[in-house]
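Take a look at the structure set out below.
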Amino acid sequence: MASDDAQHQEEIILALTSYQREDYDRPIITTPPGIHALVQPFITEAFTTDAVTALGCLQALPVEIIVELCRAMDITTLFRFRQANRRTRQIISGIKAYRESSTHALESFRAILRLGVNTATIVDLYWALHGPPKCATCDRFGYLLFLPTMQRCCATCLENWSSPSYSIAPATTVAKLIGIRHQRLRRIVDSTRSLTGPFLHGEYRGSKRYNLVTQDEVARLFPDVEPKSAFFPGPISKAFDAQWGKFVRYRYMVTTFIPHIDRASGIIERRYSCDGCRKFAEKGRHFLHSPRENVTACFSREQFLEHFRTCPFAHRIWKGC
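In case it helps, full-length UniProt numbering puts the sequence shown at residues 1 to 321.
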C-alpha cells in the first residue's frame, strides 16, 4: 500500500512540475499522433476471423520454430511476411516483442519500414524499448533512437561532432571522399534511405532522399582506405569531422523518439523537462542560479524525481499547487 501511495505521489509531482518540450519534436522524424492512432491497430492486431490458409511448407514446422525464425528476421522482412495471410498475422501478432514494439515504439517501427533499415530485428527494437534507458555514449537519458545502429542517444551526443557513433553521410559523398566507386560502396556497406521533410527546427528541408552510410561501418569495412582529396588528409574519421557542418543534418533524418518501459514496474517513461527551470529561465536570470543543462535537459522518470528534490524552482511550483 505504501509503495502505491509513493507511486501516486510521484505521478502528481510529474504532472505538476514537468512538461514535454515540443520544440524537440521538430528536428527529427515525427508523425502526428492522429495518424498513429489510425494505423496502429492494423500494424499490431491480427484479423478477428479465423485463418483458412496454411503456411505452405512452413506448416510442417512447430510454431515455436516459426516464432524463432520471425524473431531473427529484419523488421521489413518480418512485416512483409506478416502480410502473407491471416495465419502469419496471427503468429507474428502473438509475439510479445512484436506487440510491444509496434504498440509503444510505433514511431520507430514505422520509420524503420520507411527508411529501409535492413539490419534491425524486432528483438533489437524490443531491447531498445526495455533495455538500459541511458544514452549509449553518456549518462543522460537516451530518449532518441539512432536507427542505423539501434542505439539510444540524447540530443547533445547526437549533434556533437566528436561522437563518431552517429556520424552518417550520403554514400555518393563518402565514395568521393575516400576515392572509390559509389556502386562498390553501396554493394559492401549497408545504407539507410533518408526521408524528405523539414529537419533541424525547419532550418533544413530535405527535398530528396539520400542513401546514408555510417562512419563506423565505412571505417570497419575499408580500414586501409584514406581520403584521396587533399582537403581531407588522414583517416576516414577526419573526412567526416571536416564535413561535420554539412553532415550533422543527416543524423536527424534517421532518428526518432522512443520511450522506455521499466521491466520491473511496467511504467512507460517518456522524456521529462523541468517546468520550474523553464519558467525561471524565461526571466533571464537562470545562468546565475540554475545550470544551463537543467533548463534544456530531458530527464528520465528517476532522473527527474532526483532533480526535483534539489530544484528550488520546481518546489515553488509544487508549493503553489
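In this text, a Cβ means the ideal position worked out from N, Cα and C, and glycines have one as well.
Under the three-state reduction of DSSP output, T31 falls in the coil class, being neither helix nor strand. A straight-line Cα-Cα distance of about 24 Å links H182 and I112. Distance from the CA atom of A120 to the CA atom of S163, rounded to whole angstroms, is 21 Å. By a beta-carbon distance limit of 8 Å, E10 contacts L305. Their separation comes to about 6 Å. Check the Cα spacing between R87 and each of R249, Q59 and R270: the tightest is with Q59. Distance check between C274 and each of A297, A6, P132 and G179 places A297 closest, using alpha-carbon atoms only. Looking at the DSSP output, K319 bridges to nothing. Distances from the alpha-carbon of S101 to those of G131, E302 and I65 put G131 closest. Per the coordinates, the alpha-carbon of V174 lies some 19 Å from the alpha-carbon of V117. Residue pairing of C274 in beta bridges, as defined by DSSP: S18.
Residue T17 holds the alpha-carbon nearest to the alpha-carbon of W318 among R301, G266 and T17. Sequence-distant Cβ neighbours of T30 in its own chain, meaning closer than 8 Å and more than five residues away, are E107, T256 and F257.
Going by DSSP, R152 is part of the beta strand (DSSP E) stretching over Q151 to C153. The stretch 59 to 77 makes no contact with the stretch 42 to 49; the number of CB pairs closer than 8 Å stays below 3. A check of alpha carbon separations from H315 across D262, K279, R301 and E64 identifies K279 as the nearest.
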